[in-house]
Every structure is written in structure tokens, then in C-alpha cells.
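Okay, structure first, notes after.
There are 2 protein chains.
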Amino acid sequence: MRPQPPRRLVILTEGQWDVHHAKTAIGVMRYGRDASVVLLDSSIAGRNVSDWLGPGFDVPAVATLDEALAFRPDALLIGIAPTGGRLPEEWRETIVAALRAGLDVLSGLHTFLGDDPELAAAAREGGAAIVDYRRVPDRLETAVGRQHRPGSRVILTVGSDCAIGKMTVALELRRAALEAGLSGVFVPTGQTGIMIEGWGVSVDRVIADFVQGTCEWLVEQGEAMGDWVFVEGQGSIDHPAYSSVTLGLIHGCTPHAMVLVHRVGLTEHDFDHLPGASFPIKPLTELIPVHEMIAGLVAPSRVVAIALNTREVPDEVEALRIIRDTEAETGLPTDDPVRFGPTRLFEAVRAALEGAPR
Amino acid sequence: MRPQPPRRLVILTEGQWDVHHAKTAIGVMRYGRDASVVLLDSSIAGRNVSDWLGPGFDVPAVATLDEALAFRPDALLIGIAPTGGRLPEEWRETIVAALRAGLDVLSGLHTFLGDDPELAAAAREGGAAIVDYRRVPDRLETAVGRQHRPGSRVILTVGSDCAIGKMTVALELRRAALEAGLSGVFVPTGQTGIMIEGWGVSVDRVIADFVQGTCEWLVEQGEAMGDWVFVEGQGSIDHPAYSSVTLGLIHGCTPHAMVLVHRVGLTEHDFDHLPGASFPIKPLTELIPVHEMIAGLVAPSRVVAIALNTREVPDEVEALRIIRDTEAETGLPTDDPVRFGPTRLFEAVRAALEGAPR
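Heads up: the sequence lines are chains H and S, in that order. One rule links them: number in my numbering = place in the first sequence (from 1) + 24. One rule links them: number in my numbering = place in the second sequence (from 1) + 24.
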């Protein structure tokens with residue numbers, strides 16, 4: 025997957041716009057190199073993304089594809105990541121129409137849109153391309169116990185749940201490294217990260233036997249690009265549905281350090297499960313030693329900082345108090361790198377890795 | 025995958041016959057419903073499998089396919105499971121000839137032989153079928169937090185490494201359950217188990233996101249067949265290349281109990297890795313709490329017994345002494361269910377689960 029020139033995007037979230045489900049949409053709007061020019065979602069038509077994300081995000085929401093086409097887009101991007109990764113059937117008509125109108129369709133769904141005969145035909149009609157970002161390369165390799173390049177520092181974001189900001193924290197830390205004049209690299213391991221960065225592998229889509237091997241060579245590629253390598257984590261180590269992918273990342277990347285991400289206020293694991301079952305989020309003080317023990321089964325690693333997502337705490341003073349309390353409780357440097365900038369958190373990671381064996 | 029009438033098998037291990045690499049061959053000869061009539065391996069031609077496995081295994085080894093055909097086989101079974109699961113290229117000619125001679129070819133390799141144009145053409149010529157046991161079903165589901173059927177007991181075999189006998193221990197325990205008049209079920213999760221039992225899924229071949237979901241519905245199918253459900257484990261929780269598959273089984277099956285399998289004398293993890301790296305096998309006293317802690321991240325479980333593979337201890341008295349010492353060291357019932365029969369180990373598992381919450 026090679027970098028493309030910037031595009032003008034219609035982001036499709038029809039009926040599912042919220043800061044949780046639309047994490048693909050928001051990640052691309054916040055960090056991507058493409059211009060997000062319009063959001064297609066009739067449930068919030070007439071409003072603007074800036075109502076949720078602030079004045080830096082002037083993206084109007086419209087109700088129909090015809091209205092979106094007035095913004096002269098090049099491509100339509102599927103802005104949600106549903107459980108199981110299937111296409112909501114009610115979106116099919118819109119996607120067919122977009123392809124016929126000549127828009128490329130960019131998708132991170134598990135179901136490959138390019139393999140769908142109706143969509144493929146529509147793409148041919150419109151002279152458009154379908155890009156399935158979750159399609160993984162044919163490079164099927166098991167892990168070989170590769171050592172890190174001397175001088176590199178590999179940092180993996182781990183978390184108390186999925187969809188709480190592990191990609192964002194990795195991107196923010198990379199930004200801080202670059203701002204500090206260091207060579208920072210972001211290693212994308214999920215569809216949104218790949219959409220943002222233009223390379224990477226959706227590791228949850230890889231055949232299970234090759235997850236660790238894939239993480240190993242992704243880190244190798246990252247280390248070829250710079251010294252400070254921030255790997256986007258996936259899932260959580262105690263997630264009933266996704267923990268195996270998380271472990272594949274921990275054991276495949278063998279990070280020098282981990283940054284533990286948590287969303288303040290989160291109490292239950294996020295996934296479609298049968299009624300009656302309850303999967304509570306574990307305390308950070310439990311998750312820290314759990315991650316270090318599990319990583320250490322293959323290669324020693326430490327949790328060196330906590331990244332809190334304080335999005336649901338409107339009051340800034342209250343957010344700062346929670347950060348300070350978490351610091352006291354865990355004994356680790358803690359911050360919200362989106363709300364308060366990543367510099368402080370990055371410097372803590374950097375200090376923790378100074379003089380560490382590499 | 026539905027049960028077939030028993031077949032007469034040529035087992036192909038060409039140049040790789042040993043009790044370690046030929047684990048597929050040996051598993052099928054020991055436990056399968058098909059008759060293994062001849063072994064095709066020029067490196068041991070003229071000898072007999074009974075030289076290694078004992079008098080119950082009268083399978084002559086021959087050097088050429090022509091000699092093997094004299095035994096009137098119906099099918100040729102690929103008897104090894106190489107790292108990465110690729111076909112040794114030097115076997116291609118033999119497989120083509122077997123297909124042209126009308127033999128079905130049964131394979132558990134990652135590389136699907138049925139997708140190979142030359143092999144597919146040879147199959148058409150000979151009117152033969154290619155069966156790729158590792159091909160997984162299209163049922164792509166993430167885990168949903170399913171609870172066990174009341175009255176069932178789910179036991180997962182876990183281990184200190186791969187290829188040390190986790191499938192065998194599960195099969196032996198199932199046999200003991202049946203002999204005790206209970207409804208015992210074996211849940212195959214790897215190609216050899218599937219070849220033996222005629223159903224199951226090669227979970228290491230499943231897309232990573234669906235490993236836990238697949239384990240969940242495999243256990244559901246097992247519980248529909250009987251009360252005592254023995255799930256074949258894969259890899260090991262500290263394996264640099266395969267631990268994520270192991271974790272997917274633990275968190276996807278949510279077993280009531282685990283039986284920890286270890287091969288006496290094993291000191292290093294078994295996989296193709298770069299020179300210089302060392303991945304020592306951990307002590308059982310460390311692995312027991314590690315497994316219980318990691319399982320407990322999703323659902324509580326206990327290691328209730330140790331199954332030792334004492335194959336490399338020729339002296340029986342010495343093997344018994346090691347078993348007794350392991351029992352003292354771990355505080356858990358310990359036995360070699362292949363060498364000394366599975367009854368004692370099964371009764372220990374049964375006793376541990378009596379009165380346990382289900």
C-alpha cells in the first residue's frame with residue numbers, strides 16, 4: 025500500500041454518528057492527510073462536525089449523496105467499524121450510487137467490498153476504485169524471534185478496552201517525538217491507522233498463526249524509518265472477543281515499553297454480547313502488572329505511562345484532578361495527550377527509556 | 025466436514041520421519057478411524073512403524089509410490105506439519121503421481137493443495153479428490169460471551185510448548201470418560217485432530233478477529249454431543265510465535281478446567297527462529313499460576329492436573345519417579361496418560377470438577 029495524493033472525502037456514517045461508533049470517521053478527520061469535506065449522515069444533517077470536535081473540524085453533515093456530491097469529492101470513506109466488520113445492508117444503495125458517480129470507495133470493513141459483484145460492477149460503470157484497507161498482504165510468516173534494531177525504542181499502546189484511543193495516543197506520541205526533533209514513526213495495525221498513514225496491516229484480519237510474525241515485520245519496517253516507533257495497539261488483553269489479537273501484538277512487537285490507555289468513566293467491555301453477561305473493566309492497578317507479566321512471558325517490558333481519555337469529563341479542572349489521582353494511584357506519569365497535548369507524556373516515556381537496555 | 029467411511033491410507037513423511045516432526049502421521053495412525061496401510065518415506069524404507077511405536081502399529085515403510093500402491097490404498101495423507109505449513113516442493117512430484125493414480129490427497133498444510141493448478145489438474149485426471157483439512161468454514165463470528173450448557177464440563181489442554189501431546193492427552197481423557205460410561209467429546213482444533221475425528225476447525229488458520237468466536241461455537245457444538253468436553257489445545261501461552269492462538273482458545277473456550285501438558289526433557293521452545301535467540305521452557309510451577317491468572321481475565325479456570333509426556337525416558341521406573349516428583353512439586357495429580365493409561369488422570373480431573381460451579 026503506497027501513499028496517494030490527498031483526496032477530498034465524503035465520510036459515510038449514516039445513522040451511526042457518535043464519537044464512539046464513528047471512530048474511523050473521527051480518526052481520519054483528525055489525523056488523516058486527506059481532506060474530509062462533507063459527512064453523509066441524515067441523522068445529523070444540517071449540523072457540523074465542529075459541534076462535537078471543536079472549531080478545527082469544519083465538516084458539514086448532509087442527508088443525501090446528491091448533496092454530498094456538491095462538495096466535489098473524489099472518494100467516499102466508510103466511517104464506522106461495526107462489530108464483525110460487515111457492511112450495513114442499508115448502505116449498499118448509497119455505495120453503489122457513489123461508485124456510479126465516479127467516487128472511489130474506501131473501506132476498512134472485514135467484508136471486502138471489492139469482492140461484491142454488484143459493487144464491483146458499479147465501480148466499473150463509474151470508472152471508480154474500491155480500496156479495501158483491511159485486505160492483508162500475502163506475506164504469511166510466523167514470528168522468528170527477531171531482535172530490535174540497536175538504538176530503536178518500540179512503544180506499544182495497550183488498553184483497558186477497544187475503541188478508547190490506543191491509535192490516537194500512538195499518533196500523539198509520534199507527534200511529540202517529531203516536535204522534539206526525534207525520528208518518530210507510527211506503525212498502523214488497524215484500518216483507520218492505515219487510512220491515516222497509507223501503510224500498515226490490519227492485524228485482526230491476518231490468519232491467526234501469522235499475527236505475531238506480521239507484528240514482527242511491521243516493527244522491522246517501522247524501525248527502518250526511525251528510532252522512536254509507536255505501534256498502534258488493538259483490543260485489550262482481557263477482552264472476551266479480542267484478547268488474542270492484543271496478545272499477538274504484545275508478543276509479536278516485544279515492545280521496550282507500553283503505554284496503558286483508559287477512558288475515564290468506562291465500566292464495561294465494549295462488544296456485542298449475549299444479554300445477561302457482564303464484562304467489567306479492570307482497575308488500572310491490576311492491568312499494569314498483568315501486562316508486564318504477560319509481555320514478560322516472551323520479552324520483558326514495562327508499562328511506563330498512563331494515557332487517559334477524559335473526553336466524558338467536561339470540566340477541565342476535574343479532568344486534571346482525575347489525572348493527578350491516577351498518577352498517585354498507579355505511581356506512573358499520567359496525562360490526556362489529546363486534551364492537554366502529548367509533550368508531557370512523551371517526555372515521561374522518553375525518560376523511562378533513557379538508559380534502558382535496547 | 026462430515027464423517028467418511030474408513031479409508032486405506034498411504035502416509036507420506038518423506039525424509040521427515042521422527043516422532044516429533046511426523047506428529048500428524050503418528051496421531052492419525054494412533055487414533056484415526058482410517059487404516060494406515062503403508063508409510064512412504066525412503067529414509068526408513070524396509071523398516072516398520074512398530075519399531076518406534078510398538079507392536080500395535082504394523083505399518084511397513086517403503087521408498088516409492090509404486091511400492092505403496094501395491095497396498096491398494098484409497099488416499100495419500102500428508103503426514104507432517106512444517107512451520108508455516110507450506111508444502112515441501114520436493115513432494116510435489118509424488119503428490120501429482122498419487123492423484124493421477126486415483127488416490128485422494130488429504131492435507132493439513134496452510135497452503136491449500138486444492139488451489140494449486142497443477143495438483144488440481146492431476147486430481148481431475150485421476151478422478152481423485154484433494155481434501156484440505158485446514159480450510160476453515162465461512163462462519164466468521166466474534167465471541168458473544170456465551171455461557172456453558174448447564175451440566176457440561178469443558179476441559180482444555182494447555183502446554184509448555186507446541187507439538188508435545190495436547191491433542192493426544194485430550195483424546196486419551198475422552199477415551200477414559202467413555203470407558204467410565206460418561207458422554208465424552210473431543211473437540212478438534214488442529215488439522216490432525218480434524219483428520220482423526222472428522223469435524224472441527226483448524227483455529228490457527230482462522231482470521232485473528234474470529235478465533236475466540238470460533239472456539240466459542242466449537243465448544244457449543246461439543247456440548248451438544250456430550251457432557252465431558254475435551255478441547256484440543258494449541259501452542260503455548262508463552263510461545264514467541266503462537267501464544268495468541270493459545271490465548272484465543274483459553275478465552276474463547278472459557279474452560280472449567282485446564283490440564284497442563286509437558287514433555288519431560290524439553291528445554292527450549294520449538295520453532296524456526298533466528299540464530300542466537302533462546303526461548304527456554306518455563307517451569308510448571310510458574311506456568312500453572314500464569315494460566316490461571318490469564319484465563320481468569322475472562323472467566324475463572326484452574327489447572328487441575330499435569331499430563332507428562334515421558335516418551336524420552338526409556339526406563340519405566342524412572343518415568344514413574346519423575347511423575348511422582350512432579351506431583352510433589354506442583355501439588356497436582358500427574359500422570360503420563362499414553363504410557364500408563366488415562367484413567368487415573370481422568371479421575372483426578374473428574375474429582376476436581378465434582379461440585380464445581382458450572
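Beta carbons are placed, not taken as given, at the ideal position from N, Cα and C, and that holds for glycine.
Counting only the Cα atoms, F303(H) lies some 28 Å from G250(S).
Residue contact check for Q40(S) against chain H: no CB pair falls below 8 Å. I220(H) and G56(H) do touch by the CB rule: their CB atoms are close to 5 Å apart, below 8 Å.
Within a 10 Å sphere around the beta-carbon of M53(S) sit 16 or more other beta-carbons, which makes this residue buried.
When 7 Å is used as the limit between beta carbons, H297(S) is near these residues of chain H: V168, G169, in chain order. Between I274(S) and V314(S), the C-beta spacing is not below 8 Å.
The beta carbon of A59(S) sits closer than 8 Å to those of P30, R31, R32, L33, all from its chain and outside the five residues before and after it, given in chain order. D349(H) and V209(S) have their C-alpha atoms some 51 Å from each other. The region 175–185 of chain S makes contact with the region 273–287 of chain S, as at least three CB pairs between them are under 8 Å.
Each residue's CA atom was taken as its position, placing A147(S) and D90(S) some 18 Å apart. For the pair V43(S) and I50(S), the Cα-to-Cα distance works out to about 7 Å.
Here S226(H) is buried. Its C-beta has 16 or more other C-beta atoms within 10 Å. Not a single CB atom of chain H sits nearer than 8 Å to the CB of S325(S). A Cβ of chain H is located within less than 8 Å of the beta carbon of P264(S).
The beta strand (DSSP E) runs of length 3 or more contained entirely in the region 76–113 of chain H are, from start to end of the chain, 99–102.
A distance below 8 Å separates the beta carbons of L298(H) and G169(S). In the displayed model, F210(H) falls within a strand according to three-state DSSP. Residue-level contact by beta carbon fails for I102(S) and chain H, as no gap is shorter than 8 Å. In terms of Cβ geometry, G138(S) and A145(S) do not form a close pair [threshold 8 Å]. DSSP, read as helix, strand or coil, puts V341(S) in helix. Contact between L93(S) and L130(S) is absent: CB atoms are separated by about 16 Å, not below the 8 Å threshold. With 16 or more other Cβ atoms from the protein chains shown falling within 10 Å of its own Cβ, P97(S) counts as buried. Short of 8 Å from the beta carbon of E38(S), and not among the five residues preceding or following it, lie these beta carbons of its own chain, in chain order: L64, D65, S66, S67, P112, E114, W115, T118. The C-beta of R229(S) comes closer than 8 Å to at least one C-beta of chain H. Neighbours of V322(H) in chain S, taken as residues at a C-beta separation under 9 Å, are given in chain order as D262, H263, P264, S267, F303. In the structure shown, T166(S) adopts coil according to DSSP, grouped into three states. Within chain H, no C-beta atom comes less than 8 Å from the C-beta of V285(S); the nearest is roughly 17 Å away. A281(S): member of the beta strand (DSSP E) spanning 281–287, first to last residue. Residues of the same chain with a CB within less than 8 Å of the CB of H172(H), apart from the 5 flanking positions on each side, are V178, V243, E247, T278, H280, R382 in chain order. T181(S): member of the beta strand (DSSP E) spanning 177–183, first to last residue. If you compare the alpha carbons of G80(H), M317(H), I35(H), A167(H) with that of T88(H), the shortest gap goes to I35(H). Interface criterion met: the Cβ of L271(S) is under 8 Å from a Cβ in chain H. For the options G103(S), A85(S), V73(S), the alpha carbon positioned closest to that of A46(S) is the one of G103(S). Interface criterion met: the Cβ of D233(H) is under 8 Å from a Cβ in chain S. Beyond the five residues adjoining it in sequence on each side, E353(H) comes within less than 8 Å, by CB distance, of L308, T309 in the same chain, given in chain order. The DSSP-derived three-state label of T358(S) is strand.
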